[in-house]
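Asker: One structure is given below, represented as structure tokens, and several questions about it will come after.
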Amino acid sequence: HLQRARNVIITNTQIGTGDDCVSIGDHTYNIDVLNITCGPGHGVSIGSLGRGGSYVDVRNILVRNVYFKGTTNGARIKTWQEGRGFVKRVIYENLFFNLVKNPLIIDQNYGARGAKLQVFSVVIFFKCPMENFSMQNLTRRSLLVSENFLSTVYDPYNDHHQRLKTVFVF
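Below is the structure:
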């Protein structure tokens, strides 16, 4: 788990674990995850972020050329609904998913399972715009196993009722 880390490169390795293959926490900058194989495990996660209303500053994250095999999740961002701060300049590029249950997840209500939602943190992450977020060259295999390919996002610019929407990632 990378917490309050700066200028870290994780490259050319295979990671298999019972939790996240790579986990990026609060106050973490300039992280490159390159040319890795992830699995088994929970994928490559940013978060969870913002628990207890804490201030978050995560930026300059590059996840490139990652092969996910037999993982619960692939690329995941987890934020607590009461969090503050920002996540910016995140790039996911050249990801390959094989036998992955949830290839892409943006969970903005992490930890609120079953609770009535009162506050929203959103893809614009903690009421601050998310900048330069891109996903490119994603490949998915084993479609019957990988049936969960949705993300729940809140769009404050187009939804005045503050409801969560389910949208297809691609």
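Numbers 86 to 255, taken from my numbering, label the letters of the sequence shown in order.
Glycine is no exception: its CB is placed at the ideal position from the N, C-alpha and C atoms.
Since we're looking at a predicted model, the values are computed, not measured.
Out of N145, N158, N120, point me to the one whose CA is closest to G103's CA.
Answerer: Here the question's residue 103 lines up with position 18 in the sequence shown. If we check each option's Cα against that of G103, N158 comes out closest.
Asker: Name, in chain order, the residues that DSSP records as bridge partners for R169.
Answerer: Here residue 169 corresponds to residue number 84 of the sequence shown, with the count starting at 1. Y140, per the DSSP bridge assignment.
Asker: If R91 sits next to Y114, beta carbons under 8 Å apart, how far is it from one beta carbon to the other, in whole angstroms?
Answerer: If you number the sequence shown from 1, residue 91 lands on position 6. If you number the sequence shown from 1, residue 114 lands on position 29. About 5 Å; that satisfies the 8 Å criterion.
Asker: C106 by DSSP, collapsed to three states: which one?
Answerer: The residue you call residue 106 lines up with position 21 of the sequence shown. Here C106 sits in coil by DSSP.
Asker: Tell me which residues share the same chain as G138 and place their Cβ nearer than 6 Å to its Cβ, disregarding the 5 neighbours each side in the sequence.
Answerer: As a first step, residue 138 must be located in the sequence shown, where it is residue number 53. Same-chain partners within the cutoff: E167.
Asker: Does the Cβ of Y140 have 16 or more other Cβ atoms within 10 Å, making it buried, or fewer, making it exposed?
Answerer: As a working note, residue 140 is residue 55 in the sequence shown. By the 10 Å Cβ count, Y140 comes out exposed.
Asker: Can you tell me whether R135 is helix, strand or coil according to DSSP?
Answerer: Counted from its first residue, the sequence shown places residue 135 at position 50. With the sequence shown as reference, residue 135 is identified as Gly, and Arg is not the correct amino acid for it. Three-state DSSP puts G135 in coil, outside helix and strand.
Asker: Alpha carbon to alpha carbon, what distance is there between I109 and L87?
Answerer: The residue given as residue 87 occupies position 2 in the sequence shown. The residue given as residue 109 occupies position 24 in the sequence shown. Taking C-alpha positions only, L87 is separated from I109 by approximately 5 Å.
Asker: Out of L180, I190, F182, F181, which one is the CA nearest neighbour of T164?
Answerer: The count along the sequence shown starts at 1 and reaches residue 164 at position 79. Among L180, I190, F182, F181, the Cα nearest to that of T164 belongs to I190.
Asker: When the Cα atoms are used, what is the spatial distance from T96 to G128?
Answerer: As a first step, residue 96 must be located in the sequence shown, where it is residue number 11. As a first step, residue 128 must be located in the sequence shown, where it is residue number 43. Straight-line Cα distance between these residues: approximately 15 Å.
Asker: Kindly indicate the opening and closing residues of the beta strand (DSSP E) around N92.
Answerer: The residue labelled residue 92 in the question sits at position 7 within the sequence shown. 91-100 is the extent of the beta strand (DSSP E) around N92.
Asker: Rounded to a whole number of angstroms, what is the C-alpha to C-alpha distance between P125 and Q99?
Answerer: Numbered from its first residue, the sequence shown carries residue 125 at position 40. Numbered from its first residue, the sequence shown carries residue 99 at position 14. The alpha-carbon atoms of P125 and Q99 are separated by roughly 10 Å.
Asker: Should R161 be labelled buried (16 or more other beta-carbon atoms within 10 Å of its own) or exposed?
Answerer: Residue 161 sits at position 76 when you count from the first residue of the sequence shown. Looking at its Cβ environment, which holds 16 or more other Cβ atoms inside 10 Å, R161 is buried.
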